[in-house]
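Before any comments, here is the structure.
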Amino acid sequence: MSTTDLLTISGLEVSFGDVRAVRGLDLTVAPGEILALVGESGSGKSVTARAVLGLLPPTARVRGSVLLGTRELVGAGEEALREVRGRSVAMVFQEPATALNPVHTVGWQIAAVLRAHRGLTRQTARRDAVRLLDLVGIPDPATRVRHYPHQLSGGQKQRVVIALALANEPDLIIADEPTTALDVTVQAEILALLRDLRDRLGTAILLITHNMGVVADLADRVAVLHRGELVEQAPVDELFAAPTRAYTRELLAAVPRLGHRDPALPHTGADALRLTGVTVRYGDFTALSTVDLHVARGEVVGLVGESGSGKSTLGRVAAGVLRPDAGTALVLDTDPRSARRRFGFVFQDPGSSLNPRMTIAECVAEPLRVHRAPGDHRARVAELLDAVRLPADFATRRPRELSGGQRQRVGIARALALDPDLLIADEPTSALDVSVQASILALLTELQQQRGFACLFISHDLAVVDSLAHRVAVLHNGRVVEHGPHHEVLRTPTAAYTRRLVDAVPLPDPVAQRARRTGLADVPA
Amino acid sequence: MIGYLLRRLPSALVVLWLASVLIFLLIRAIPGDAAAVLAGADAPPEAVAAIRAELGLDRPVVAQYLHWVGGLLSGDLGRSFLIGGDIAGLVADGLANTATLTLAALLLAVLTALVLGPVWAATRNPWVDRLLTAFHTASVALPTFVTGVVLILVFGVFFRLLPTGGVPPAGLLDRVDITAQYLVLPAVCLALPVAGVLTGFLAETLRGELRQDYVTTVRAAGVRGREIVVRHALRGALPVAVTTLGLQTGALLGGAVLVESIFAWPGLGLLVEQGVTRRDYPVVQVLLMLSVTVFVVVQLLTDVAHAALDPRIRLGGKR
Amino acid sequence: MAGPGVAGRARCHPARLPGGAGVADAVGDGVRRRAVADRRGPRGVGPPDPVGRQEVNALLRGRGLVGLVLVGVVALAGLVGPLLVQWDPYQQIPDANLLGPSAAHPLGTDDLNRDVLARLLSGIRVDLLISLTAVPLGALIGCAIGALATFTSALDVAVQRLFDVLLAFPQLILAVGLAAVIGPGTTSVVIVVVAVEIPIFGRLLRSAVLRVREAQFVTASEVIGGGRGHVLRTHVLPNSLEPVVVQLALSMSVAVFIEGAMSVLGIGVSPPDPSLGAVLTTSLRYLDLNPLFALSPLAVTALLVLGFQLIAQAANAARG
Amino acid sequence: AVDARTSAGDPSAAPEQGGVAEVGVNLDLVPANVFTNSNAAITTLVGLVYDNLVHYDRDSLDPKPALATEWSATDGGRTVTLKLRQGVKFHTGRPFTSADVKFSLATYTDPKWNGQLISTAKVVTAVETPAPDQVVLRLDHPVSNLFDLLATVPVIDSETAGDIATGKRFVGTGAFAFESWRPNTDLTFTRNADYWDGAPHLDGVHVRVVPDGQSLLAAVKSGQVHLARGIGYRDAEAAASTPGLRSIPLDGAELQAYVGLNVTAPGLDDPKVRQAVAYALDRDRIIKEVFRDKGYPASLPWPRTSPAYDEELDGRYRRDVGKAKALLAEHGAPVPEIPLAYVGNDPVFTAIAQVVQNNLAEAGITVKLEPVDSTQFVKQLIGAQFPGLWTTNHSWAQLSPATLTVSAYPFNARRNASHFSSPEYTGAAEAAWKLPAATGPEAVAAYRKVSEQLLDGGFLAEIGVVLEQFVARDALQGVDWSRRRELDLGKAHLR
Ligand SMILES: Nc1ncnc2c1ncn2[C@@H]1O[C@H](COP(=O)(O)OP(=O)(O)OP(=O)(O)O)[C@@H](O)[C@H]1O
Ligand SMILES: Nc1ncnc2c1ncn2[C@@H]1O[C@H](COP(=O)(O)OP(=O)(O)OP(=O)(O)O)[C@@H](O)[C@H]1O
Ligand SMILES: [Mg+2]
Ligand SMILES: [Mg+2]
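Chains A, B, C and D are the protein sequences, given in the same order.
Quick note on numbering: the working numbering labels position 493 of the first sequence as 493, and the sequence is numbered without any gaps.
Quick note on numbering: the working numbering labels position 96 of the second sequence as 96, and the sequence is numbered without any gaps.
Quick note on numbering: the working numbering labels position 18 of the third sequence as 18, and the sequence is numbered without any gaps.
Quick note on numbering: the working numbering labels position 476 of the fourth sequence as 476, and the sequence is numbered without any gaps.
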């Protein structure tokens with residue numbers, strides 16, 4: 001629009017061999033502007049983001065121009081880029097699990113980044129690290145700085161990654177799905193934080209997200225990407241009110257909303273999963289305390305709760321990955337470890353749960369091979385990839401050649417490979433854009449109805465849970481604070497905590513969301 | 001940590017016992033015994049028999065073993081068949097020399113690897129890469145007995161800068177500068193292949209580590225390239241380097257045999273080599289036991305270092 | 001002024017947007033995919049081989065290629081070289097004692113009047129045999145033991161302690177002991193090399209395995225129901241091989257030293273058979289007379305070290 | 001010998017006082033072996049610290065006075081009376097007396113010390129000490145090599161003899177007093193100012209153990225040591241052409257390289273085959289190429305200065321492949337493959353073994369090389385366990401010829417590694433030994449018989465007489481040695 005644009009991307013092309021991930025993209029971000037970049041999973045959002053800072057793998061070929069102010073970043077030297085990185089432009093990576101160094105504490109990592117651009121002493125850097133962790137809403141930051149990434153929950157890792165990006169107060173933050181792993185309350189805090197940064201410091205934000213609620217809540221302008229090309233961009237209100245492209249319309253239509261599904265019938269079958277009095281401690285910290293939960297055959301139970309409340313821990317206990325300190329977990333009436341052929345598990349971090357050296361086909365076929373499933377494994381793999389909407393030619397790719405959402409779908413395909421009787425899914429759709437998410441949810445519903453498998457569906461996305469689950473359990477600080485039929489828990493919550501959660505769900509409508517935020521109206525879900 | 005070591009203690013003791021049996025039998029499996037050496041080429045059979053009896057070699061092997069172990073347990077290492085003196089004294093002298101030499105070499109090798117490995121892994125300059133490749137190739141391809149001879153010829157004979165071998169006449173502790181002069185050639189000679197191997201390993205594991213996603217994160221935060229390698233990636237690469245270092249301890253002790261001989265450095269390597277060729281059983285037994293002990297300790301340290309370096313192993317928690 | 005931003009915002013491609021259809025088919029991918037779903041299907045669903053297509057391809061390019069060429073040159077020299085030299089490596093040529101390089105003897109003659117070039121070229125064969133059989137064999141056994149031992153902690157402790165004992169014996173002492181039992185000669189060199197390599201690889205692999213075992217994808221495979229063997233084979237091993245590859249390159253190129261040291265002690269390849277180690281050790285005594293005599297076996301070793309190392313680097317980069 | 005004299009010292013240069021001579025040796029002391037004359041460190045120690053009763057010059061077997069000043073034989077050589085030098089003191093300050101001679105001889109005869117002349121020593125049935133300066137030896141029968149014994153047995157101090165085996169102390173009457181020994185490191189000696197033959201010029205001697213031949217050479221080249229013992233033939237040759245260095249061949253202390261044959265081995269049991277082996281050897285080439293001409297080819301053990309030397313007999317076996325083949329043809333049956341044992345880490349014998357293999361192959365005998373380590377070699381040697389051939393060296397032919405046949409194990413008429421025995425050889429050897437004197441026509445005739453038996457028996461194929469050598473810097477002058485290669489620095493000086 002003007003020469004004062006902070007970031008000007010023009011004619012950006014990125015390809016990996018034959019794969020053209022970004023095709024002639026033009027985009028600008030003005031100072032203090034929040035631009036949302038949305039689009040289907042695999043449409044090139046993350047690649048674009050990485051291209052800006054020259055962080056693509058060596059296999060990538062980049063053409064076009066990326067101007068930061070007047071400074072050309074494409075083809076710039078490593079040292080020139082280094083000065084820009086972190087200070088002028090910071091980046092929040094999509095998959096926090098692999099974005100952090102496993103062998104250093106998070107505090108150390110933040111301090112190292114702080115010291116990269118500022119001559120801080122070790123102590124001040126340490127103190128600042130604690131401050132930053134506090135800023136992104138990590139409870140008890142003084143202890144957490146000393147934790148290693150594997151000791152944090154998914155959402156906590158994501159917040160650490162955000163803290164890394166905020167460390168040097170950059171002019172532009174490129175945030176790639178910064179809130180996917182966050183429950184709605186924390187998400188709201190982070191969004192508030194970002195907004196505050198923009199308001200106070202004039203920080204511009206290039207926000208990559210599939211969450212239309214977040215877009216509606218935060219963005220000034222929205223750009224829609226489809227298969228590497230920009231298909232539409234407009235101010236947020238305009239786009240939501242009158243999307244011009246069919247694709248955008250479909251995207252908006254696919255956004256799940258709370259309370260749109262009819263109440264499900266109660267289930268009374270035998271238990272597929274039964275947890276009784278499960279308690280898990282990590283050192284002094286009690287992650288779960290005497291949790292009781294059961295999932296009947298053919299039933300979908302949604303497990304919601306704030307980040308760090310113990311959802312994944314519970315999932316891991318159910319899957320037999322973790323032995324509880326007290327209590328028992330029974331899967332299909334036996335020990336989880338003996339029932340492995342009959343249940344599927346979707347990990348919260350799709351990236352790190354795939355062997356980097358195996359092809360996608362090998363990853364998906366692994367359960368078939370392990371259990372010597374009858375039939376043609378190739379055909380089955382093709383079928384599964386198709387079901388999660390991955391093109392067949394992805395079969396020969398390696399995990400690192402996939403986008404975040406694509407990897408997540410590989411995880412789902414793998415979990416479904418053996419037609420399980422029970423599916424334990426830890427945030428299975430967190431990295432998926434609404435349209436793909438809708439089809440995955442449709443797939444799960446369809447399979448569920450056909451095959452009648454049971455499912456423990458862990459998610460922080462209440463709308464998604466509402467559209468799938470029969471029953472919902474709410475976890476808070478390692479305890480189940482409420483559970484019951486989905487429509488009751490999510491529409492007429494009784495526990496104060498649940499109510500807070502439900503209220504924090506952003507509305508996929510900028511006007512309504514703004515109104516709610518500013519407290520002008522209380523629009524019910 | 002102490003608890004960890006205590007838990008390992010029983011297995012370590014069992015190993016020492018097994019090793020003692022193995023060593024005892026193995027060196028007796030080598031044909032020929034010390035009596036032949038002591039008797040000399042012109043001795044009549046009676047003389048050999050007399051010597052065997054005097055050394056106790058005519059007794060049943062089990063009795064010999066029990067006698068030896070009994071001695072060990074009561075703190076008596078025995079006497080050398082050939083050198084005559086008490087083994088304790090011999091070993092103490094040799095140990096001081098060998099420890100000085102190997103530790104100096106170790107230090108040299110580790111420092112070299114810590115400097116060159118990261119440089120090699122991170123460099124984009126083809127010349128630096130070639131230079132380091134050449135260093136690695138040369139250090140690995142040149143056996144100690146060649147480097148030793150060349151070092152002596154160049155620094156000892158041609159330039160006459162350093163002594164060609166031997167230990168400081170007045171002892172290692174007398175004057176540090178003199179000791180350093182005597183130490184530098186053998187230490188360099190011993191350290192070179194180890195340095196090459198360590199550098200290679202460190203560089204290669206660092207390259208692997210630099211391909212990880214978290215490196216992108218810190219790059220994105222504008223952390224300097226050098227810093228990424230040294231502060232962020234190195235930690236992840238160290239466990240392999242530590243294992244290699246543990247293995248290279250073997251190379252150091254093995255190399256010491258040759259280096260001590262080339263540089264007339266009277267250490268344990270020389271002693272053990274002599275012991276084997278002259279079938280000086282008591283000496284070999286004690287030295288090999290010492291060597292096994294060192295290895296058990298090195299291995300324990302490696303494991304401890306591993307756990308310390310990788311929190312996922314240390315805090316692995318529940319599985 | 002109309003910056004690129006304006007153009008960017010204005011630009012869109014309606015033509016490429018798929019029309020109508022439900023959510024599932026809203027995106028072009030879906031349509032195309034359905035159409036191909038029933039064709040041959042993805043390939044390669046078997047267990048991933050540790051040295052796969054990718055590695056092979058990497059070896060045919062760049063560093064890998066240079067490495068292959070270097071090793072190939074040495075191998076070729078060993079295989080066909082002796083046929084091209086006019087001298088027999090065993091022939092003691094009258095009055096040709098310690099001659100310097102000349103047209104008739106490009107590398108001179110040795111202390112027993114034999115042509116050094118002929119002996120060098122024939123000597124390569126023995127060492128290649130050791131490099132290409134004994135070292136990989138030792139590596140294989142070592143890796144197998146090291147990896148299997150991690151199954152149970154008791155076994156692990158036992159095996160590691162055993163390795164301690166083996167490693168604690170200076171290599172040459174081990175060689176002397178073994179040779180005394182089996183008798184000297186090429187077989188005993190091979191056995192010694194195997195015995196020396198087993199604990200090295202065992203321990204190296206073990207330490208890598210311990211690390212990789214903590215990775216999430218290993219847990220993932222366990223949850224799927226993969227048995228220990230399966231997890232080890234498909235996930236842990238392929239991801240632990242990086243240091244093993246480096247060590248393999250090293251061990252293969254320096255096996256000549258073990259052989260050489262053994263021939264110094266008279267327990268190696270028995271004289272008068274030529275080997276690189278034998279050539280090297282005799283040559284050192286004549287460094288002043290004919291430096292080429294000593295340099296040539298070293299050069300061959302250096303070529304091997306460099307070649308194997310480049311191959312290892314390329315293989316690891318391809319696997320990375 | 002003349003050469004050695006001139007090279008050993010420049011008589012015109014006035015000897016300077018003081019300084020410590022640095023000596024490098026390639027092998028360390030083995031205290032239990034001090035009486036076996038077996039390695040460089042031992043011969044250095046014994047030469048510096050101990051004296052003998054009599055002394056041989058390097059070119060004759062006429063005994064010269066040392067600790068004994070006069071001697072006389074009576075009773076047909078069965079009683080020998082020695083008069084001892086007066087005023088001699090041990091390094092401890094104690095005066096030397098006849099009791100010490102008795103003690104030294106008794107110690108030498110103790111089988112524990114393996115003195116090589118033990119069979120001669122055992123002939124001495126009684127040692128009487130009628131006066132402090134007089135010793136009477138009673139012999140079982142006359143022996144021609146009694147003075148070899150008196151020139152070999154070191155006179156040791158009875159009070160400190162217990163410390164010899166542990167290497168703590170070596171006390172003698174020699175020109176230098178033992179100071180200390182650090183195993184594998186060094187030996188130090190200080191000047192014996194009271195030495196009866198005149199105080200040495202040097203303040204002391206420092207002997208360093210340098211196990212690696214190349215390093216030892218480097219040490220003498222760089223000036224770190226003045227004298228090096230145990231340097232290879234080729235290296236010594238090269239060193240001799242370096243300015244400031246010279247090589248000193250130990251004339252008079254000859255060694256012999258040989259190929260031994262087990263006469264019970266298949267094929268070798270026929271004397272014709274053994275002679276064929278002797279004809280096949282290329283002695284000239286081995287002496288020239290392996291020993292770098294430090295010696296001469298020989299068919300018999302005797303050096304040219306020996307009373308037993310006979311030019312005609314010594315030239316019996318020259319390389320003659322035709323003759324060897326003819327002898328093998330006479331033998332008829334093909335000779336099976338014969339193993340040849342040698343010390344695998346000894347470059348000299350590794351080379352010889354390969355030359356021998358090559359030589360015999362040309363004559364039509366296949367030889368399989370069997371390198372073994374030195375201990376195993378000695379064990380096989382003294383246990384007579386070699387299955388076929390072996391090659392190594394021997395000494396003791398430089399002294400009285402009879403010493404060889406009674407003391408050098410390979411020649412021992414009663415028991416040897418070749419399993420050879422014949423009444424004729426035993427008879428000839430005994431006869432030569434029991435003579436009252438080592439020289440004279442009677443002796444020469446007896447030696448000739450021994451030589452003929454050796455040549456016909458063919459159980460040992462001599463390669464040649466060879467010389468060990470010192471490599472010394474010109475700075476060290478006056479280096480001397482005994483006929484048993486013991487270092488003598490009593491008259492040496494640094495300049
Ligand atoms: N290293 C790579 N090699 C080959 N192809 C790649 C690589 N990285 C990404 N791609 C491909 O490029 C396309 C764009 O990927 P990108 O990560 O930008 O998607 P995205 O829009 O961020 O999707 P998501 O929402 O799922 O994260 C995808 O089809 C992906 O498979
Ligand atoms: N290995 C560990 N050591 C110590 N604390 C741990 C460990 N693993 C998890 N925790 C802690 O346990 C709590 C629960 O973690 P969990 O992963 O179950 O959270 P979650 O509900 O899945 O959160 P999210 O939605 O962010 O993924 C968190 O506070 C986390 O920091
Ligand atoms: Mg992405
Ligand atoms: Mg979680």
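The beta-carbon is built from N, C-alpha and C at its ideal position, and this holds for glycine as well.
In this structure, S312(A) has its CB closer than 7 Å to one or more heavy atoms of ligand 2. Counting only residues whose CB is nearer than 6 Å to a non-hydrogen atom of ligand 3, the list in chain order is K45(A), S46(A), Q94(A), D176(A), S403(A), G404(A).
By the neighbour-count definition (other C-beta atoms within 10 Å, threshold 16), P238(C) is a buried residue. Contact annotation: V224(A) and R245(A) have beta-carbon atoms nearer than 8 Å.
No heavy atom of ligand 1 is found nearer than 7 Å to the CB of D393(A). Secondary structure note for Q354(D): it is in no beta strand (DSSP E), and the uninterrupted alpha helix (DSSP H) holding it is 347-363. Any Cβ of chain B closer than 8 Å to the Cβ of K368(D) would place that residue at the interface, and such an atom is absent.
Identification of residues in the segment 229-242 of chain A having a C-beta nearer than 7 Å to some C-beta of chain C yields E229, L230, V231, E232, Q233, given in sequence order. Within chain B, no residue has its CB atom less than 7 Å from the CB of N355(A), the nearest being about 15 Å off. In terms of Cβ geometry, A116(A) and V223(B) form a close pair [threshold 8 Å]. Taking 8 Å as the upper bound on Cβ-Cβ separation, chain C lies near residues L26, I27, A29, I30, P31 of the segment 26-58 of chain B.
Going by DSSP, F457(A) is part of the beta strand (DSSP E) stretching over 454-458. Within chain A, no C-beta atom comes less than 7 Å from the C-beta of T243(B); the nearest is roughly 15 Å away.
One Cα belongs to A417(A), the other to G308(A), and the distance between them is close to 30 Å. Within the segment 214-268 of chain D, the beta strand (DSSP E) runs of at least 3 residues that lie entirely inside it are, in chain order, 227-229, 245-249, 255-261. Any Cβ of chain C closer than 8 Å to the Cβ of P367(A) would place that residue at the interface, and such an atom is present. Runs of the alpha helix (DSSP H) lying entirely within the segment 97-128 of chain C and spanning at least 4 residues: none are present.
Using a Cβ-Cβ cut-off of 8 Å, V188(B) does not count as an interface residue toward chain C, since no Cβ of chain C sits closer than that to its own.
Remark: the shortest separation between the CB of A181(A) and any heavy atom of ligand 2 falls under 7 Å. At least one C-beta of chain B is nearer than 8 Å to the C-beta of G86(A). Look at L68(A): its C-beta is not under 8 Å from any C-beta on chain B. Restricting attention to alpha helix (DSSP H) runs no shorter than 4 residues, the segment 97-148 of chain A encloses them at 106-117, 122-135, 141-144, ordered along the chain. For the pair L390(A) and Q406(A), the CB atoms are nearer than the 8 Å cut-off. Minimum Cα-Cα distance from S153(A) among the listed residues D349(A), L507(A), V436(A), R85(A) corresponds to D349(A). Taking one beta carbon from each stretch, the segment 146-165 of chain A and the segment 71-78 of chain A have fewer than 3 pairs nearer than 8 Å; the two do not touch.
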